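Presented below is the structure to which this report refers.
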Amino acid sequence: MQLNPYLSFNGQCDAAFKFYEKALGGKIAFKMIYGESPMAKDFPPETHKQIMHVRLLVGGQVLMGSDSPCGRYEKPQGFNVTLGFEKPEEAERVFKALSEGGQVKMPIEETFWAHRFGMLTDQFGIPWMVNCEKSN
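In this note's numbering, the protein residues as written are 1484 to 1619.
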């Protein structure tokens, strides 16, 4: 089984995934806009340049997302996308990149369970936790 986060946006999905591609060091493997879909005629013309589906590959993991159809967007709440790192330096680098233009909820620092742990909401409203656990 594979478990993948799927993020919803209100028209900013393309910008968000370009940002994640750079910040996480990944590669966008697939992207389709509503206007390219076989169902394009079923969507309002103003949505045709928005993202219907995007898939980002990051180190063997997958992050997916889309712009929500008209009137169906809901602000993210009740979850965090969590990233785990083996090296504190890499955790710090990604935390800094993701926090650009966003809001740091808990600065990245050492905790009793982690060499580094921090929480932020990025500039697109997505909540993240960055963790580099200590060995048991």
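All C-beta atoms in this analysis are idealised placements derived from N, C-alpha and C, irrespective of residue type, glycine included.
Just so it is clear, the structure is predicted and the values come from calculations on it, not from any experiment.
The beta strand (DSSP E) enclosing Y1489, as first and last residue numbers: As a position in the sequence shown, residue 1489 is number 6, starting the count at 1. Counting along the chain, the beta strand (DSSP E) containing Y1489 begins and ends at 1489 to 1492.
The alpha helix (DSSP H) enclosing L1540, as first and last residue numbers: Here residue 1540 refers to the residue found at position 57 of the sequence shown. Premise fails: L1540 lies in the beta strand (DSSP E), 1534 to 1541, not in any alpha helix (DSSP H).
Which listed residue (E1575, S1618, L1546) has its alpha carbon closest to that of I1609: For the purposes of this step, residue 1609 is taken as the residue at position 126 of the sequence shown. Taking only the C-alpha atoms, the option nearest I1609 is L1546.
Sequence ranges, beta strand (DSSP E) only - wholly within the segment 1540 to 1574, length at least 3: 1544 to 1550, 1564 to 1567
Beta carbon of L1603 nearer than 9 Å to that of W1611: Position 120 of the sequence shown, counted from the first residue, corresponds to residue 1603. Position 128 of the sequence shown, counted from the first residue, corresponds to residue 1611. In contact: L1603 and W1611 (Cβ atoms closer than 9 Å).
T1530 versus M1522: straight-line alpha-carbon distance, rounded: Within the sequence shown, residue 1530 is the residue found at index 47, counting from 1. Within the sequence shown, residue 1522 is the residue found at index 39, counting from 1. Their backbone Cα atoms lie some 12 Å apart in a straight line.
Range covered by the beta strand (DSSP E) that runs through L1486: Counting from one through the sequence shown, the residue named residue 1486 turns up at place 3. No beta strand (DSSP E) holds L1486; DSSP gives it neither H nor E.
Nearest-angstrom Cα separation, counted from N1563 out to K1588: On the sequence shown, residue 1588 is found 105 positions in, with the first residue counted as 1. On the sequence shown, residue 1563 is found 80 positions in, with the first residue counted as 1. C-alpha separation (whole angstroms): 12 Å.
CA-to-CA distance, N1614 to A1574, given in whole angstroms: Translated into the one-based positions of the sequence shown, residue 1574 becomes position 91. Translated into the one-based positions of the sequence shown, residue 1614 becomes position 131. So the alpha carbons of these two residues sit roughly 7 Å apart.
Beta-carbon proximity of K1501 to H1536, cut-off 9 Å: As a first step, residue 1501 must be located in the sequence shown, where it is residue number 18. As a first step, residue 1536 must be located in the sequence shown, where it is residue number 53. No, they are not a contact pair.
Strand pairing of C1615, partner residues [DSSP]: The count along the sequence shown starts at 1 and reaches residue 1615 at position 132. Per DSSP, R1599.
DSSP three-state assignment for P1527, whether helix, strand or coil: By one-based count along the sequence shown, residue 1527 stands at place 44. In this structure, P1527 counts as coil in the three-state DSSP scheme.
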